[in-house]
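Chemist: Before anything else, here's the structure in question.
Residue numbers (the working numbering): 23 to 170.
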């Protein structure tokens with residue numbers, strides 16, 4: 023369990039299921055809570071506690087979250103990946119240094135950088151899309167002047 027005092031000081035303590043139930047009851051009633059954890063005695067006054075959260079190995083809530091988390095997260099990640107993949111565009115880059123490559127982008131751009139030399143290449147909108155080995159791609163170059 024972790025807690026925050028009214029003063030802003032944060033603390034945490036490992037409690038068993040029985041100790042957690044006792045603490046919650048003390049918090050509801052407003053009585054001071056004293057327990058033993060290992061060889062140490064621990065006391066906490068509910069009137070000084072601003073908030074607390076049970077998140078240790080004995081927490082039923084944590085067991086529930088870890089049980090449903092992998093499938094829910096994987097489905098959400100899969101949906102998000104599919105959504106991004108639908109809008110990806112291919113870009114064919116041809117640079118004056120002689121480098122030529124096909125890259126993916128999240129969206130259509132008007133300029134890009136050459137992988138080899140780092141020079142800027144510009145979108146040739148008059149040439150439009152060209153056929154590549156990976157499919158249709160926007161053509162970008164710095165071999166000749168391109169209207170921007």
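C-beta atoms are modelled at their ideal positions from N, C-alpha and C, and glycine is treated no differently.
Since the structure is predicted, the reported quantities are computational estimates derived from the model, not experimental observations.
If you reduce the DSSP assignment to three classes, tell me which class residue 162 lands in.
Modeler: strand
Chemist: Do residue 115 and residue 151 have their CB atoms nearer than 8 angstroms?
Modeler: In this structure, residue 115 keeps its C-beta atom at 8 angstroms or more from the C-beta atom of residue 151.
Chemist: Quick check on DSSP: helix, strand or coil for residue 47?
Modeler: helix
Chemist: Could you check which residue in 30, 105 and 71 has the C-alpha nearest to that of residue 52?
Modeler: 71
Chemist: Please determine, among 62, 113 and 61, the residue with the shortest C-alpha to C-alpha distance to residue 160.
Modeler: 113
Chemist: Mind checking whether residue 26 and residue 41 have CB atoms under 8 angstroms apart?
Modeler: no
Chemist: When DSSP labels each residue in this structure, what does residue 146 get in the three-state scheme?
Modeler: In the three-state reduction of the DSSP assignment, residue 146 falls in the coil class.
Chemist: Would you decide whether residue 143 is buried or exposed? Buried here means 16 or more other CB atoms lie within 10 Å of its CB.
Modeler: buried
Chemist: Grouping DSSP H, G and I as helix and E and B as strand, with all else coil, what is residue 42?
Modeler: In the structure shown, residue 42 falls within a helical segment according to DSSP collapsed to helix, strand and coil.
Chemist: What number of angstroms, rounded off, separates the C-alpha of residue 30 from the C-alpha of residue 68?
Modeler: Straight through space, the alpha carbons of residue 68 and residue 30 are spaced by roughly 14 angstroms.
Chemist: I need the straight-line Cα distance from residue 132 to residue 148, nearest angstrom please.
Modeler: Rounded to whole angstroms, residue 132 to residue 148 spans 12 angstroms at the Cα level.
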